[in-house]
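There are 2 protein chains.
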Amino acid sequence: MLEILGKQAQAAARTLAHISAQQKNLALAAIATALRRSIPQILEQNALDMQNAQTNGMSRAFLDRLRLDSTRIEKISDSLLDVASLEDPVGRVLEQHVRPNGLRIQKVAVPLGVIGVIFEARPNVTADSAALCLKSGNAVILRGGSDAIHSNTAITSVIRTALDQSGLPADCVQLVEDTSRESSVALMRLSEYVNVIIPRGGRGLIRSVIENATVPVIETGAGTCHIYVDRAADAEMAAKIIYNAKTSHPSVCNAVECILVHQDIAATALPVIAAPLLEAGVEIRGDRQTCAYLPGAVPAQQDDWGREYGDLILACRIVQDLEEALDHIQNYGTGHSEAIITKDALAADHFLESVDAAAVYHNASTRFTDGGEFGLGAEIGISTQKLHARGPLGLRELCSMKYKIYGEGQVR
Amino acid sequence: MLEILGKQAQAAARTLAHISAQQKNLALAAIATALRRSIPQILEQNALDMQNAQTNGMSRAFLDRLRLDSTRIEKISDSLLDVASLEDPVGRVLEQHVRPNGLRIQKVAVPLGVIGVIFEARPNVTADSAALCLKSGNAVILRGGSDAIHSNTAITSVIRTALDQSGLPADCVQLVEDTSRESSVALMRLSEYVNVIIPRGGRGLIRSVIENATVPVIETGAGTCHIYVDRAADAEMAAKIIYNAKTSHPSVCNAVECILVHQDIAATALPVIAAPLLEAGVEIRGDRQTCAYLPGAVPAQQDDWGREYGDLILACRIVQDLEEALDHIQNYGTGHSEAIITKDALAADHFLESVDAAAVYHNASTRFTDGGEFGLGAEIGISTQKLHARGPLGLRELCSMKYKIYGEGQVR
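Laid out in structure tokens, this is it:
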């Protein structure tokens, strides 16, 4: 069954790889229009998923991720037009040079081929992933969670019809309708047809993909981000940045989860940093020293270090120096986004050089780790692995490359 | 046991990531000198491996790959100096730009971290892989085959002593002494400490790594390369290129294994192409039509298509047109190197655009797919996968990247 989807995807990918940017953009616009026109039908199917989720006693946060309404579908539709407006990454000449023997060597961007996206309960991922894969010339096989199957089926059906009407193969976008664990594992192991698997979801999903996949994987998402407040920090700036990084969107992966404060500045800076946080209802879980400085803090447990709360909770630890902060980040960070607040340029350089993460900041909020904020356009996730792509996974990162070599009869 | 090696490698990698190019080059030079000085000891250990291999009745080709002599060790030593002379890939600024909000975003190359190299019976891979990993700032864990264990142990010991004397951690280069299948699988699954696994060997090894690894893999090596002789080919040029691609080094992965000849040119071109090949002792396995044109050819079987002979054997098929050649390559190619010989620029463009392989050639020998020939310096293999690196896997491809972001208090 999955083998058939794989074959179809591969055939579609071979056509799609040579389709012009204009035709892809027209297809994206057609999908955007079709989604708006199909709002009633999509909402009807989403209502079935919502009913099931309520019956199954899912949490409010879960229901919120699953729920669609007109505004949300219009937003999805708009984001397709955003993707259409981005530069086509395919065919870009990445490097070229002429060898002494006259061979002209060109390195050009090409699509990856077939991408498998395995995700959980957010139906917007369906349209979103389809658009990014389409624009980068890749066919996609989507495998969403069972909780969103009605919504995903409805959205995929709208996309496939619009593709067909735009003269592109409908099989550029396919949904695995079987939502069993077996189908998920089968997709991860479909290495004859699938070039990359991108899991979009929690740690459990990502771990299962790494454990089982034979197809190459791009890990995304896990983010335990730290902000280190150096001895030479401007306490007001630190307070502003930490407030932003914790409260502007606590559930996302680039939100800060733990702050590390230099002992020399802790007594004066901590109250400045903590006041707006406590006022916004943030729970601060501090080490012994933090609790001594901040009566509003609660004692942290060992398992608070390295934890991704995704909530209005912030761990706080006093460190002796920059080196201890670096050690903490090395031990507990997930290689996503880490920041230092300091006026000391040498300390900043040392931090940016030493921290092994996708994005390392000096005097800025970790919340900027995002394709749009980096000026790279929409992204399918934030890669926390080192191979192929690190940080925002945008259109360029959804490409591979090949060498084209032009000769006049050269032999070696 | 492997966990200990992993921890040591990770610690060494953290030091190595921040070592200057000069210091790495001095270490490479020290290793090169130490290897020359240790020729007697290394040869003594190699003799033990050779004795065992002979006792085990290994093939002549196998014994040749395993065998070291003074000249070969001197060549290994020289290649270390070549690596030292290459540009340091670490710290290279890949992109930078300033955002409208003033954030300065810099994308810089950083080492991958810890690389696991799993290889078979060629002891030169030990020094070779160690040098490329060292220069690119990565610690390496080497796991060679049991047949070369004495040679590999001797070479690794020389390298580690030289590293130590150069002030670098000896654990930058470690050898897994346990050559059981279990140790190999354990290394592939050491995802807490190892960032990438590179298998260097035959298809069986590569398949085992893909099947078992949880660490990300870069596949290398499998090469079934084709040369398509178009209707508008210069037969003399085709003959020269094919002769070179088949006979200059038949056992390597960029050698041609199959030629596809357009039916309109077959009658005149085939004899021109075949004459020097037959004279050089190449066995031509042709389809029915080929055999009709070439009395010297033997009939090909179905399993000759897609086969990597690594020997003086060449499959040959007559095709109706360019499309049939493209279909054949799509079905039987391994995505390594493919070539078209033609004077027709449009046919060449279509071929270079359509073929999905690491390197696609117009009027040149497939034998050029090589880091040195591409002007990229030494390589650890030819990647035939699409993720991270495709084609020659040199120093740049042994790097990851990170974003450094410089702000003045920006929040989102």
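Chains A and B are the protein sequences, given in the same order. Each step along the first sequence adds one to the number in the working numbering, with nothing skipped, and position 1 is 1. Each step along the second sequence adds one to the number in the working numbering, with nothing skipped, and position 227 is 1227. Glycine included, each C-beta is placed from N, C-alpha and C at the ideal position. Just so we're clear, the structure is a prediction, and the values are computed from it rather than from any experiment.
Can A:A13 and A:L80 be called in contact, C-beta distance under 8 Å? Contact: no.
Which residue from A:A238, A:A357, A:I155 puts its Cα closest to that of A:A266? Of A:A238, A:A357, A:I155, the residue nearest in Cα terms is A:A238.
Compare the C-beta of A:L86 against all C-beta atoms of chain B and say whether one is closer than 8 Å. With 8 Å as the cut-off, A:L86 does not count as an interface residue toward chain B.
Nearest neighbour of A:K246, chosen from A:A280, A:V272, A:L190, A:H262 [CA to CA]: Answer by Cα proximity: A:A280.
Against chain A, does B:Q1096 count as a neighbour if the rule is that its beta carbon must be under 8 Å from one of theirs? Closer than 8 Å: no.
Chain B beta carbons: is any one of them nearer than 8 Å to that of A:S365? Yes, its Cβ sits closer than 8 Å to a Cβ of chain B.
Quick one: complete beta strand (DSSP E) runs, 3+ long, within the segment 337-396 of chain A? Taken in chain order, the unbroken stretches of beta strand (DSSP E) that lie wholly in the segment 337-396 of chain A and span 3 residues or more are 337-341, 359-364.
So is A:H97 buried or exposed if we call it buried at 16+ other beta carbons inside 10 Å? Per the 10 Å Cβ criterion, exposed.
Measure the alpha-carbon distance for A:G57 versus B:P1199 and round it to whole angstroms. CA-to-CA, the gap between A:G57 and B:P1199 works out to about 48 Å.
Just checking: is the beta-carbon of B:I1210 within a distance shorter than 8 Å of some beta-carbon in chain A? Chain A contact via Cβ: present.
Out of A:A29, A:S337, A:N331, A:Q320, state which residue places its alpha-carbon closest to the alpha-carbon of A:V256. That would be A:S337, whose Cα lies nearest to the Cα of A:V256.
Contacting residues, own chain, Cβ-Cβ under 8 Å from A:P111 (five flanking each side not counted): Counting only residues of its own chain and dropping the five nearest sequence neighbours on each side, A:P111 has a CB closer than 8 Å to the CB of A13, L16, A17, V90, S136, G137, N138, L398, C399, S400.
Going residue by residue through the segment 238-276 of chain A, where are the continuous alpha helix (DSSP H) segments of at least 4 residues, counting only ones entirely within it? Taking only runs of at least 4 residues, no alpha helix (DSSP H) segment lies wholly in the segment 238-276 of chain A.
Ignore the nearest five residues each way along the sequence and tell me which others in A:N46's own chain have a CB closer than 6 Å to its CB. Contacts found: L68, S151.
If you measure from the beta carbon of B:N1195 to each beta carbon in chain A, is any gap under 8 Å? So, interface residue.
By DSSP, does B:S1191 sit in helix, in strand, or in coil? Here B:S1191 sits in coil by DSSP.
How many Å lie between B:G1108 and B:T1220 at the Cα? One point to set straight first is that residue 1108 of chain B is Val, not Gly, in the sequence displayed. Cα to Cα, the separation comes out at about 26 Å.
Interfacial residues, the segment 1227-1259 of chain B to chain A, with Cβ spacing under 7 Å: Within the segment 1227-1259 of chain B, the residues whose Cβ lies closer than 7 Å to some Cβ of chain A are M1237, K1240, I1241, N1244, S1248, listed in chain order.
Residue ranges of each alpha helix (DSSP H) within the segment 1105-1150 of chain B, 4 or longer: Whole alpha helix (DSSP H) segments, 4+ residues: 1124-1135.
I'd like the list of long-range same chain contacts for B:G1145, defined as Cβ closer than 6 Å, with 5 residues on each side in sequence excluded. Same-chain partners within the cutoff: E1120, A1121.
Residues of its chain near A:P276, where Cβ-Cβ distance is below 7 Å and the 5 sequence neighbours each way are ignored: A239, Y243, listed in sequence order.
B:I1105 versus chain A: which residues are under 8 Å apart at the beta carbon? For B:I1105, the chain A residues whose C-beta falls within less than 8 Å of its own C-beta are F374, G375, listed in chain order.
My guess is that A:I105 and B:F1374 are in contact by the Cβ rule of under 8 Å, so how many angstroms apart are they, rounded? The Cβ separation is near 6 Å, so the contact holds.
On the premise that B:F1368 lies in contact with A:R412, defined as a C-beta separation below 8 Å, what is that separation, rounded to the nearest angstrom? Between B:F1368 and A:R412 the Cβ distance is about 6 Å, and since that is below 8 Å, they are a contact.
Give me the chain B residues within the contact set of A:Q385, using Cβ-Cβ distance strictly less than 7 Å, ordered along the chain. Within 7 Å Cβ-Cβ: P1216.
Where does B:E1283 sit, in a helix, a strand or coil, going by DSSP? Strand.
When the Cβ atoms of the segment 1201-1213 of chain B are set against those of the segment 1223-1234 of chain B, are three or more pairs found closer than 8 Å? Flag = no, the segment 1201-1213 of chain B and the segment 1223-1234 of chain B do not touch.
Measure the beta-carbon distance from B:N1124 to B:I1076 and round it to whole angstroms, keeping in mind my assumption that it falls under 8 Å. Cβ-Cβ separation between B:N1124 and B:I1076: approximately 5 Å, consistent with a contact (criterion under 8 Å).
When you compare the CB of B:V1093 with every CB in chain A, is at least one pair closer than 8 Å? It does not; no Cβ of chain A falls within 8 Å.
Determine the chain B residues that contact A:Y406 at a beta-carbon separation under 7 Å, and present them in chain order. By Cβ distance, chain B contributes H1362.
Which bits of chain A does B:V1411 rub up against, with CB to CB less than 9 Å? For a Cβ distance threshold of 9 Å, residue set K240, I241, Y243, N244, A245, S248, A364, S365, R367, F368 of chain A lies close to B:V1411, ordered along the chain.
At a Cβ threshold of 8 Å, is B:Y1293 touching chain A? Not an interface residue.
Would you tell me roughly how many angstroms separate the C-alpha atoms of A:I155 and A:H249, rounded to the nearest one? Using only the alpha carbons, I get a separation of about 27 Å.
Same chain, Cβ closer than 8 Å to B:T1161, neighbours up to 5 away in sequence not counted: Take B:T1161, set aside five residues on each side of it, and the residues of its chain with a beta-carbon closer than 8 Å to its own are A1034, A1170, in chain order.
List the DSSP bridge partners of A:Y332. A:Y332 has no beta-bridge partner at all, per DSSP.
Counterpart residues of A:S400 in DSSP-defined beta bridges: According to DSSP, A:S400 bridges with A:V110.
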